[in-house]
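In the working numbering, the protein residues as written are 40 to 369.
From the three backbone atoms N, C-alpha and C, an ideal C-beta is built for every residue, glycine too.
Model, not experiment: these values are computed from the prediction.
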């Protein structure tokens with residue numbers, strides 16, 4: 040299954056389609072667009088907005104391999120949509136993405152274009168340079184290094200994150216640190232795990248806005264006590280933040296904690312697929328955990344939010360400093 044997101048991704052779709060044919064595969068292309076989604080969000084009733092598309096869902100069960108080739112679009116396209124409608128539709132989309140990682144081998148790409156460059160605040164040439172430098176790493180060499188780091192992390196049990204308005208602790212006992220080595224995302228570059236849910240304790244502040252469904256949620260503050268989320272505030276779109284957190288019982292839990300490791304991803308593009316790879320940052324994902332890490336949290340939501348620890352922040356594992364101000368200390 041090749042998902043073509045926005046018309047500008049068509050050249051890459053053609054190339055991937057050709058490669059699949061030459062490899063002996065049976066490719067099917069589907070078209071997705073935020074403009075079409077906006078029509079649904081504007082005019083659909085509650086049943087339509089909450090609908091989980093059957094054909095798209097079946098495609099995840101039919102396909103052995105899924106390529107999500109997602110072109111950039113206008114970030115503010117859904118600004119006129121009430122938060123409740125947007126979060127309801129996001130939950131439906133989350134059910135499809137759950138089937139994707141349960142049923143297929145998958146790879147997601149945010150295809151760079153002018154819209155994405157505008158989001159990042161740079162010209163398209165600068166964005167393309169960063170994108171291809173980040174994609175064309177020596178993956179074998181980087182993977183060997185990151186696997187070594189993951190091995191060190193897997194010897195630990197307790198994680199402590201400190202930084203600006205941040206002091207968060209949790210256990211990873213019985214969980215696994217997994218390397219993002221260019222198979223599931225492109226560009227890739229992260230080492231992630233899943234916290235033991237009832238051990239999450241403390242608070243975290245995000246200097247960078249959380250981004251989901253085109254909504255920018257600025258100055259997010261989250262606080263947990265013994266695994267239970269007890270505080271969630273933001274300076275913008277707080278109604279949307281709280282609506283997402285109330286999606287289901289698992290959406291207010293941390294399903295993933297990760298270190299961004301790609302040395303060439305250095306621009307915040309307001310796009311999760313790219314931003315979570317920024318070298319020297321960390322991110323958490325609210326909601327669904329990935330089974331490879333041993334996580335058990337279930338949710339229709341998996342929302343990665345990036346904390347910029349490059350200028351202020353540190354991560355300790357069993358009281359050993361592993362990341363300080365963007366520099367890894369393995």
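- Restricting attention to beta strand (DSSP E) runs no shorter than 3 residues, the segment 230-296 encloses them at 240-244, 249-251, 254-256, 260-264, 267-272, ordered along the chain.
- Distance from residue 111 to residue 66 at the Cβ level is roughly 23 angstroms; contact not present, criterion being Cβ atoms closer than 8 angstroms.
- The shortest C-alpha to C-alpha distance from residue 142 to any of 122, 105, 159, 198 is the one to 105.
- Straight through space, the alpha carbons of residue 259 and residue 251 are spaced by roughly 13 angstroms.
- Burial is judged here by how many other beta carbons sit within 10 angstroms of a residue's own beta carbon; residue 248 has at least 16 and is buried.
- Scanning its chain for C-beta atoms nearer than 8 angstroms, with the 5 sequence neighbours on each side dropped, one finds around residue 284 the residues 268, 271, 290, 291, 325, in chain order.
- Residue 61 carries a helical assignment under DSSP once its states are collapsed to helix, strand and coil.
- When the five nearest sequence neighbours on each side are left out, the beta carbons in the same chain lying within less than 6 angstroms of the beta carbon of residue 51 are those of 108, 150, in order along the chain.
- Residue 88 and residue 78 have their C-alpha atoms spaced approximately 10 angstroms apart.
- If you draw a straight line from the Cα of residue 254 to the Cα of residue 123, it comes to about 12 angstroms.
- Distance check between residue 203 and each of 183, 342, 193, 261 places 261 closest, using alpha-carbon atoms only.
- Going by C-alpha positions, residue 368 is about 14 angstroms away from residue 190.
- Pairwise C-beta distances place the segment 323-337 out of contact with the segment 354-368, as fewer than three of them are shorter than 8 angstroms.
- Between the alpha carbons of residue 239 and residue 287 lies a distance of about 18 angstroms.
- If you look at residue 313, you'll find it in the alpha helix (DSSP H) that goes 311-314.
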